[in-house]
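Let me begin by presenting the structure, written as structure tokens, before commenting on it.
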Amino acid sequence: MIRDQEFLKDIASYCIENSKKLGATDVGVKVIHSVSENVSFRNKKLDESNRADSFAVNLTTYIEKKKSSINSSDLSKSNLEKLIERCIDATKITPSDENNSLPDKDLMSKEIRDLNLYDETHYPNDKKIEFLKNVEETASTDEKIVNTEAGFTENKNNFILANSNGFLGGYKTSNFSSSCVAVSRINGAMERDYEFGSTRFLQDMMKPEEIGKIAADKAIKKLGPKKIKSEKIGVIFDKRISKGILSTLASAISASAIARGTSFLKDQINSEVFPNSINIIDDPKIEKGLGSQNFDSEGVETNSLKLVENGILKNYLIDTYYGKKLNLKSNGRSGGTTNLYFENGTLSFKDLLNSEKKFLYITETIGHGGNIITGDYSVGASGFMVEDGEFTYPVSEITIAGNFKEMFKNITLANDLQMKYSTNAPTLLINQMTVAGK
Amino acid sequence: MSNFFKETDIDTSQAEAIVTETLKNCDDGELYLENHKSEAIVLDDNKIKSSTYNSDQGYGFRAVTGEVVAYSHSNDISKESLRKSSENLKDTLKSKKGTYNHEIPKTNSKYYENINPIESKTFNSKIDLLNSVNNYLRSKGSIVNQVTANFLGEHKSIEIIRSDNQVLKDDRPLVRFNVSVVLEKDGKKETGVYGVGGRQSYDDYLKDGSWKDVCDEAFRIANVNLESKPAPAGEMKVVLGPGWPAILIHEAIGHGLEGDFNRKKTSAFHNLMGQQVASEGVTIVDDGTLHQRRGSLTIDDEGTPTENTVLIENGILKNYMQDRLNARLMGTKSTGSGRRESYKHVVLPRMRNTMMLSGKYSQDEMISSVDKGIFAVSFGGGQVDITSGKFVFNCTEAYEINNGKIGSPIKGATLIGDGPSILKEVSLVGNDMKLDPGIGTCGKAGQGVPVGVAQPSILINKMTVGGTKL
Chain A
65 MIRDQEFLKD
75 IASYCIENSK
85 KLGATDVGVK
95 VIHSVSENVS
105 FRNKKLDESN
115 RADSFAVNLT
125 TYIEKKKSSI
135 NSSDLSKSNL
145 EKLIERCIDA
155 TKITPSDENN
165 SLPDKDLMSK
175 EIRDLNLYDE
185 THYPNDKKIE
195 FLKNVEETAS
205 TDEKIVNTEA
215 GFTENKNNFI
225 LANSNGFLGG
235 YKTSNFSSSC
245 VAVSRINGAM
255 ERDYEFGSTR
265 FLQDMMKPEE
275 IGKIAADKAI
285 KKLGPKKIKS
295 EKIGVIFDKR
305 ISKGILSTLA
315 SAISASAIAR
325 GTSFLKDQIN
335 SEVFPNSINI
345 IDDPKIEKGL
355 GSQNFDSEGV
365 ETNSLKLVEN
375 GILKNYLIDT
385 YYGKKLNLKS
395 NGRSGGTTNL
405 YFENGTLSFK
415 DLLNSEKKFL
425 YITETIGHGG
435 NIITGDYSVG
445 ASGFMVEDGE
455 FTYPVSEITI
465 AGNFKEMFKN
475 ITLANDLQMK
485 YSTNAPTLLI
495 NQMTVAGK
Chain B
213 MSNFFKETDI
223 DTSQAEAIVT
233 ETLKNCDDGE
243 LYLENHKSEA
253 IVLDDNKIKS
263 STYNSDQGYG
273 FRAVTGEVVA
283 YSHSNDISKE
293 SLRKSSENLK
303 DTLKSKKGTY
313 NHEIPKTNSK
323 YYENINPIES
333 KTFNSKIDLL
343 NSVNNYLRSK
353 GSIVNQVTAN
363 FLGEHKSIEI
373 IRSDNQVLKD
383 DRPLVRFNVS
393 VVLEKDGKKE
403 TGVYGVGGRQ
413 SYDDYLKDGS
423 WKDVCDEAFR
433 IANVNLESKP
443 APAGEMKVVL
453 GPGWPAILIH
463 EAIGHGLEGD
473 FNRKKTSAFH
483 NLMGQQVASE
493 GVTIVDDGTL
503 HQRRGSLTID
513 DEGTPTENTV
523 LIENGILKNY
533 MQDRLNARLM
543 GTKSTGSGRR
553 ESYKHVVLPR
563 MRNTMMLSGK
573 YSQDEMISSV
583 DKGIFAVSFG
593 GGQVDITSGK
603 FVFNCTEAYE
613 INNGKIGSPI
623 KGATLIGDGP
633 SILKEVSLVG
643 NDMKLDPGIG
653 TCGKAGQGVP
663 VGVAQPSILI
673 NKMTVGGTKL
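Residue numbers (this note's numbering), protein chains in the order written: chain A, 65 to 502; chain B, 213 to 682.
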């Protein structure tokens, strides 16, 4: 089972003490233990079971303004001793950087709140198997479904983060996730779709029948897609992918991209980046939240941040190093965003679909076609045509393209936000993008 | 003798006994042990941004019967941990009965030396070189806005213990050196990225000032992109340059020819064996035996020696890439394509160096035959949906072609196509096959493995270009 805090603390203290003995002026260390059990099914039969038991230690040593790091999975003291020595040797000969330092003491997290992130329930493998049988049973009801795969993963994690300024904190987290992939076929051509659920607590997991049914329905609806003509058209992003817009925003407003001058949002702080109806929040203190945390990866206290308020960019995501470069204090975002979301829009999903005569509704994008420096965006896509508010036919082998700067300014949100992932967005319309097809 | 049990409470023969006992009613399986050392030294924004050394060691214990894979991994190499894993595997497969296949081919070939690239170049000389890269690029003028360069080096030792004490070993060096430069002119910013690498020491790729060539190439690409105009949108002819653009082959058909997707009948290629899937001039192989290449392996991660697997010969689909499990279930032999990212991951059939072989046409002939289209010279990443067969990749250097002449550079755009039909649209195959510079990493099921690609210039009759200009 998962190792306790005392065990991890002992290793963390050992690393700090030994590093200091060898000449480190500052030390930061993280010790992690995780146990993960996964079972997967394919076509109603057991396919794979996988158990993982992993330790990790991440150590950073400083000698004044010089810095170097090591990572290891072997927690034996004899191994750590060798690695600490190696880390100190590398630190000594690494050039100094005036921005290298531990976080300011007064920014560190003072107390650990129980955010309800750990469910000690163990879901034995035969229960997982039963769950997956139900998932696949439901997924394969329709004869057009020719292949199903389903998986269930249970993950328990414990960690200690400590530094030589006296910070020491950590806590357990858990995660249960289940997924189903369904392949549908008609006239020899196949389509694939999926459903996925992830929760901190077992009791909050979607019902297996629900997971199977959604995956199958989605895969069947995609059958017989058409390629459409190239045109400019309003594009609606399904909730499964609309959150991608927020991930792009997060990369573009990270202190590193801003400080390095490699963001299309450089110098846009306090300017209107979205329509004035848009608010974007990053809240680390949501109970049971998949992205929740008491402090960031440096131990800095994290609190809720309004990144965008009434369309205006209000905050960057700041860690200690790039904060110093920008002359800003860390806001506890070393390691990125936590629970990031758009506040709901005003239109219902139905009203959004009816707000124009014709839309392209995208359910999946492929490729990595976003450029954070220029804001240029071009990805492969598939989805549906929506005409007079109705889904008319599936569409594939097309691309959608634009520039984030303009896309951000042309966003309309529906009011159907759900907290299903760590980053969440309601259904989202971008008025006018270029679609390339035939 | 194994190096993995030295400082543990278990010796090789005890471990072998646990393996044999655990696998006695299984079709296949092994204890895979891995020691992985890696480093990353990064220069960014005029400074050494980070230097990191990673040391990871552990085992992955696998038992396979029928279609079922039971896997347990840990970084605690001890008697108790192995016993626990063994119990776990036996419990999963308790209702199954298999017959262990002891047959595994042996090899004396070696496609790389056992060197540790991290230790074969001093830390100081790496720092010095990174600083030289920064100075060299910044000396090209105030247009240079940002320079990033890094060394990524690793050494991986693996040992595979199969039932009845068969032990197979491999030591794998791997390096990569990357340069990225951001140029700014008239308020417009563009990036150029270039890198080199393979299974040798850093200096084999950087000596005699050849690091400057890497810098020059990154600078050239960024410079071209500063002049780029919006890319066109819609279907048109596409000429691909030689070398790295072969990630089109990797995405469009490579993944679809991996054994697992075909056994499960989820690949768009699963019922096309022996059929014409490409134009006649197209031959594609997946070769693990090229010396010192990034995707090469002496043995794969199940212990099978790698080979040069013909996938498509003169347009006809000949073979899938197989690991042992999928080969057994499909009644064929492993092609030495069983790979895993680390001991934390199960084996999957994967690509190694995927190459389209040369034809007879020159690149000039291709370009002059195009009235309206694009010429794509370099790409970023790609992705494929193996079930529908749709794939994409992103241009990082491309030009318009107008009336048989290369025109202005165009902005990065995604190209999208359909895997099973794209190779039938290849109308001309060039005589200039080139290997990529050794920078590719392929992702599948959350596992990244180093791969290579190669191709000559090719002309594709029709592909959708995802620009913004209608």
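By construction, the Cβ of each residue, glycine as well, lies at the ideal position given by its N, Cα and C atoms.
Contacts that residue i makes with chain B (C-beta to C-beta distance below 9 Å)
| i | result |
| --- | --- |
| THR89/A | The contacting residues do not exist; THR89/A stays about 17 Å from chain B at best. |
| PRO159/A | LYS259, ILE260, ILE339, ASN343 |
| ASP111/A | GLU279, VAL280, VAL281 |
Partners in chain A for residue i, counting only beta-carbon separations shorter than 7 Å
| i | result |
| --- | --- |
| GLY592/B | HIS432 |
| PHE431/B | In chain order: nothing, as chain A lies at least about 16 Å away. |
Assigned exposure category for residue i - 16 Cβ within 10 Å defines buried
| i | result |
| --- | --- |
| ARG562/B | buried |
| ILE250/A | exposed |
| SER137/A | buried |
| LYS286/A | buried |
| GLY501/A | buried |
| ASP499/B | buried |
| THR185/A | exposed |
| ILE461/B | buried |
| LYS401/B | buried |
| PRO317/B | exposed |
Chain A residues whose Cβ lies nearer than 8 Å to that of residue i
| i | result |
| --- | --- |
| GLN226/B | Those within 8 Å of GLN226/B in chain A number zero; the least Cβ separation is about 19 Å. |
| PHE605/B | GLY431 |
| SER508/B | Chain A residues near SER508/B: none, gap ~26 Å exceeds 8 Å. |
| GLN358/B | ARG324, GLY325, THR326 |
Residue i versus residue j: straight-line alpha-carbon distance, rounded
| i | j | result |
| --- | --- | --- |
| ILE464/A | THR676/B | 11 Å |
| LEU266/A | LEU569/B | 53 Å |
| SER142/A | PRO339/A | 58 Å |
| TRP456/B | LYS530/B | 24 Å |
| ILE209/A | ILE284/A | 7 Å |
| MET448/B | MET483/A | 42 Å |
| LYS378/A | THR491/A | 23 Å |
| PRO668/B | CYS654/B | 21 Å |
| ILE373/B | GLY550/B | 16 Å |
| ILE322/A | ASN391/A | 12 Å |
| ALA252/B | GLU470/A | 37 Å |
Supposed contact pair residue j and residue i - C-beta distance, whole angstroms, cut 8 Å
| i | j | result |
| --- | --- | --- |
| VAL499/A | GLU295/A | 6 Å |
| PRO503/A | PHE195/A | Examination of residue 503/A is not possible in this model, given that chain A is present from 65 through 502 alone. |
| VAL450/B | GLY585/B | 6 Å |
| GLY215/A | ASN102/A | 6 Å |
| VAL299/A | ASN343/A | No, VAL299/A and ASN343/A are not in contact; Cβ-Cβ is about 22 Å, not under 8 Å. |
| GLY631/B | VAL596/B | 6 Å |
Chain-ordered neighbours of residue i on chain B, where CB pairs are closer than 7 Å
| i | result |
| --- | --- |
| GLU563/A | With chain A represented from 65 up to 502, any question about residue 563/A goes unanswered, as that position is not in the structure. |
Limits of the unbroken alpha helix (DSSP H) element including residue i
| i | result |
| --- | --- |
| LEU144/A | 141-157 |
| GLU246/B | Here GLU246/B belongs to no alpha helix (DSSP H); instead the beta strand (DSSP E) covers 240-256. |
| ILE634/B | 631-634 |
| SER228/A | Segment: none, SER228/A is in no alpha helix (DSSP H) and carries neither H nor E. |
| ASN122/A | Careful: ASN122/A lies outside any alpha helix (DSSP H), inside the beta strand (DSSP E) at 109-127. |
| ILE339/B | 335-350 |
| GLY278/B | No alpha helix (DSSP H) contains GLY278/B, which DSSP labels as neither H nor E. |
| GLY455/B | GLY455/B -> no alpha helix (DSSP H), and no H or E assigned at all. |
Interface residues of chain B facing residue i [CB-CB closer than 8 Å]
| i | result |
| --- | --- |
| ASP138/A | SER267, ASP268, GLN269, ASN287 |
| ASN135/A | THR264, TYR265, ASN266, SER267, ASP268 |
| SER442/A | ALA443, ASN606, GLY624, ALA625, THR626, GLY678, GLY679, THR680 |
| LYS296/A | LEU682 |
| THR217/A | Those within 8 Å of THR217/A in chain B number zero; the least Cβ separation is about 11 Å. |
Range of the contiguous beta strand (DSSP E) that encloses residue i
| i | result |
| --- | --- |
| LEU481/A | Element bounds for LEU481/A: n/a, residue is neither H nor E. |
| ASN300/B | First-last for ASN300/B: 291-304, but that is the alpha helix (DSSP H), not the beta strand (DSSP E). |
| MET497/A | 492-500 |
Within chain A, the residues that residue i reaches when beta carbons sit closer than 9 Å
| i | result |
| --- | --- |
| PHE335/B | ASP153, ALA154, ILE157, THR158 |
| LEU364/B | Here the premise fails: no neighbours, minimum Cβ distance about 14 Å. |
| SER284/B | SER113, ASN114, ARG115, ALA116, ASP117 |
Contact set between residue i and chain C, taken where Cβ atoms lie within less than 9 Å
| i | result |
| --- | --- |
| LYS502/A | The question asks about chain C, but that chain is absent: this structure's protein chains are A and B. |
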